[in-house]
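Residue numbers (the working numbering), protein chains in the order written: chain E, 789 to 963; chain V, -14 to 329. The beta-carbon is built from N, C-alpha and C at its ideal position, and this holds for glycine as well. Since this is a predicted model, take the numbers as computed values, not measurements. Taking it in order: structure first as structure tokens, then the write-up.
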Amino acid sequence: MSMLGVVLRQLLRFGLYAGVQVLIIGQLSLFGLGWCFLYLGYILFLPLRTPIALQLLLGFAIGLTMDISYDTGGLHAAAAVLLAYLRPWVLRLLTPRDGYDAQDTVNVHQMGWQWFMVYLLLLVSMHHVVYFFLELGSFRHPLLALGRVGVSILFTSVALLIVQLLFFPVRRGRS
Amino acid sequence: MRNLIAFLLRFQGVMLFVLLEVMSLFLFVTNSSYHRAAFFNSANAYAGVVLARRTQVADYFRLDELNRQLLTDNARLRQQLYPPDFARREADSLPVRRDTLGHIIYRHLRPALSEAAVPALAGKSKEAKGLKPRISNYPDTLLLGAAQVPTHDAAYPLVAARVINNSLRAVDNYLTLNVGAADGVQPGLGVMSSSGVVGQVKAVSAHYATVFSLLHSKMAIAAKIKRDGTFGSVKWPGDDFTYALLDYIPRQNRLVRGDSVVTSGYNAVFPEGVFIGTVESFVKEPDKNFWTVRVRLGVDFSRLTYVYVVHNRPRTERDSLEAAATAPEPAPVKPVVKPKIPRP
């Protein structure tokens, strides 16, 4: 795939994730407690070999877009940059026995359920814990924050799993 | 130099991370300060357009809720336009007393206060009312038919009411008031307006009361002439609703045109001294022992709006005493003889 193609593709993904989040998903709330952070899929499903600097910049960009939409200052951006920074560490932690193949992507069909769920839940949990405790600004209402974290992890994970199952190719399986 | 570049490349991730994180947190922490650059919030033009579009679309899905909200609003506004029967029981200004020239002084109720004062006038909350300063604008006494009637009396509440039905032309006329048993009104209580005696409560339901108007063939009000205290009885002859007759004034008494006729307080429905009317004309009829006195009524029954139901004080005790006094002598009770029980 040419360089231009990659750039265009990523721009399109950025627009889609941000648009769907702001226009549709952001309106929903589960049990009045948790929200869906669908835009995290943009960072989580980036190609495996994306340079760390680019990941951080993209995370900052999409986080800031959310902040502008939701008037949260830099809250989303801070959590998203942290997520982008942690992602390579988690990927390294989850390296299969024989390393990543060249064509590997973050794909539930390719990498298997177990790998994918650990990857997803680990990163989403870390992101949400940071996000909600930052949002609260203190540890005054830990139970409320924990409830929000729990419900949001559920919501976001299920939504991202659905995105994976619907839109990611089944073929080119890892054999 | 090369070492520096190598160092920067080696730690580019950490440094960029720290830089971006510090930037984000700075934006987040300064979010609430109002001199923030306007770009980084949803007020900037691009985000504003997007969010406005989203609201437009989302509103379609909330039409049901919006509709219901509008209906409630409409109902509330309509209620303000057409108040229910039970609202507006008192005029905006109430007569309080007379000044030295004889002019009536009115106390104006603020619009917000008149609303608060109406439920407070209902008998039940009377006790609590004395403690609360919120109706301090409400006068202590009202000048009703030239008599000062206390309004803050817990045991004998003065119930403000509005006439919602009235008849003038029949032989027996009745009024309907928008107060009832829930407001402490009972059959038999007196009804008066600020200009004088109106009638007597006939029957009550929970929220309404019917009243014998003074213009009723069976109504007779114990009255007296204020100047010399001669007492008589005011009855309505059944023709003109601005006049009534004062009976039982002995022929030898001198009468003056324009004398005030007030309640005597003999029949304990009204307090003493409530204005009924003024003497208009009087004739001696050859076949009667009493003057025939025409009284111009103080109350204009054709324009009657705000009235008050009064509890008169020693009513029950007095009625029972008088009933006992006029009742036929009871048969002498045979003394009960206790059978003597022999003591063991």
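7 Å CB neighbourhood of residue i in its chain, flanking five on each side removed
i          : result
Lys269/V   : Arg236 and Trp276
Arg(-13)/V : none
Thr893/E   : Pro835 and Leu836
Leu965/E   : Not covered by the structure: residue 965/E. The range shown for chain E is 789 to 963.
Arg801/E   : Tyr830
Tyr233/V   : Gly217, Ser218 and Phe275
Pro118/V   : Annotation note: pLDDT 46 at Pro118/V (below 50); position unreliable, no value reported.
C-beta contact flag for residue i and residue j at 7 Å
i         : j        : result
Leu5/V    : Leu844/E : yes
Ala146/V  : Asn163/V : yes
Leu828/E  : Val939/E : no
Ile850/E  : Tyr873/E : no
Pro124/V  : Arg92/V  : yes
Ser857/E  : Ala32/V  : yes
Gly184/V  : Val170/V : no
Gly262/V  : Val280/V : yes
Phe216/V  : Ser249/V : yes
Ala167/V  : Val189/V : no
Tyr919/E  : Ala867/E : yes
Ser202/V  : Val254/V : no
Val186/V  : Leu174/V : yes
Val958/E  : His897/E : yes
Val264/V  : Val278/V : yes
Gly(-2)/V : Ile950/E : no
Val878/E  : Leu911/E : yes
Local conformation of residue i per DSSP, three classes
i          : result
Phe260/V   : strand
Leu86/V    : coil
Pro930/E   : helix
Val810/E   : helix
Val254/V   : coil
Ser266/V   : strand
Gly803/E   : helix
Asp232/V   : strand
Phe(-4)/V  : coil
His137/V   : coil
Ala331/V   : Nothing about residue 331/V can be reported from this structure: the residues present for chain V run from -14 to 329 only.
His915/E   : helix
His20/V    : Because the pLDDT at His20/V is just 48, under 50, the model does not fix this residue reliably, and the value given afterwards should be weighed accordingly. In this structure, His20/V counts as coil in the three-state DSSP scheme.
Gly822/E   : strand
Leu143/V   : coil
Ile15/V    : Residue identity differs from the one stated: residue 15/V is Thr in this sequence, not Ile. Helix.
Arg154/V   : coil
Arg(-13)/V : helix
Phe275/V   : strand
Leu160/V   : strand
Val958/E   : coil
Val939/E   : helix
Ser790/E   : coil
Thr311/V   : helix
Ala132/V   : strand
Spatially closest choice to residue i from the options, by CA coordinates
i        : options                                   : result
Thr290/V : Gly217/V, Arg242/V, Val148/V and Leu306/V : Val148/V
Ala194/V : Val294/V, His88/V, Val42/V and Leu51/V    : Val294/V
Leu871/E : Gly847/E, Thr860/E, Val894/E and Ala890/E : Gly847/E
Val219/V : Phe226/V, Lys211/V, Leu230/V and Thr126/V : Leu230/V
Thr40/V  : Gly814/E, Cys824/E and Pro835/E           : Gly814/E
Arg863/E : Ser9/V, Asp44/V and Val34/V               : Reading off the sequence shown, one finds Leu at residue 863/E, where the question assumed Arg. Answer by Cα proximity: Ser9/V.
Phe260/V : Ile206/V, Phe226/V and Ile234/V           : Ile206/V
Asp138/V : Ala309/V, Asn297/V, Glu307/V and Leu306/V : Asn297/V
Ala76/V  : Ser179/V, Tyr45/V and Gln133/V            : Ser179/V
Gly243/V : Ile210/V, Phe71/V and Leu306/V            : Ile210/V
Leu127/V : Lys273/V, Met177/V and Asn150/V           : Met177/V
Phe11/V  : Leu931/E, Phe802/E and Asp855/E           : Asp855/E
Leu79/V  : Tyr45/V, Gln65/V and Thr136/V             : Thr136/V
Leu953/E : Phe825/E, Leu911/E, Gly900/E and Leu922/E : Gly900/E
Ala132/V : Arg61/V, Arg82/V and Leu306/V             : Arg82/V
Val15/V  : Arg885/E, Phe955/E, Gly861/E and Gln891/E : Reading off the sequence, residue 15/V comes out as Thr, not Val. Considering only alpha carbons, the answer is Gly861/E.
Val331/V : Val247/V, Pro68/V, Arg212/V and Leu(-7)/V : The structure shown has nothing for residue 331/V, since chain V only spans -14 to 329.
Cut-off 8 Å between Cβ atoms - residues of its own chain near residue i, not counting five sequence neighbours on either side
i        : result
Leu909/E : Ile941 and Ser945
Leu282/V : Gly181, Leu199, Phe226, Thr227, Tyr228, Ala229, Ile261 and Gly262
Phe172/V : In the sequence on display, residue 172/V carries Pro and not Phe. Around Pro172/V: Val186, Lys187, Ala188 and Val189.
Cutoff 6 Å; reference residue i; Cβ partners in own chain excluding five residues on either side
i        : result
Leu924/E : Ala933
Phe226/V : Leu153, Leu200 and Phe286
Val937/E : His916, Val917 and Phe920
Tyr251/V : Ala207
Partner residues on chain B for residue i, Cβ-Cβ distance less than 8 Å
i        : result
Phe848/E : In the displayed structure, chain B is absent; the protein chains listed are E and V.
For this session: Starting from the N-terminal side, write out each stretch of the alpha helix (DSSP H) that is 4 residues or longer and does not extend beyond the region 31 to 91 of chain V.
Result: List check, alpha helix (DSSP H) in window: 48 to 66.
Problem set entry | Every unbroken alpha helix (DSSP H) inside the region 829 to 913 of chain E [4 residues or more] | As far as the region 829 to 913 of chain E is concerned, its whole alpha helix (DSSP H) runs of at least 4 residues are 840 to 858, 863 to 881 and 896 to 899.
For this session: Just list the beta strand (DSSP E) runs in the region 163 to 223 of chain V, keeping only unbroken ones of 3 residues or longer that don't cross its boundaries, in chain order.
Result: Whole beta strand (DSSP E) segments, 3+ residues: 175 to 178, 181 to 189, 194 to 198, 205 to 210 and 216 to 220.
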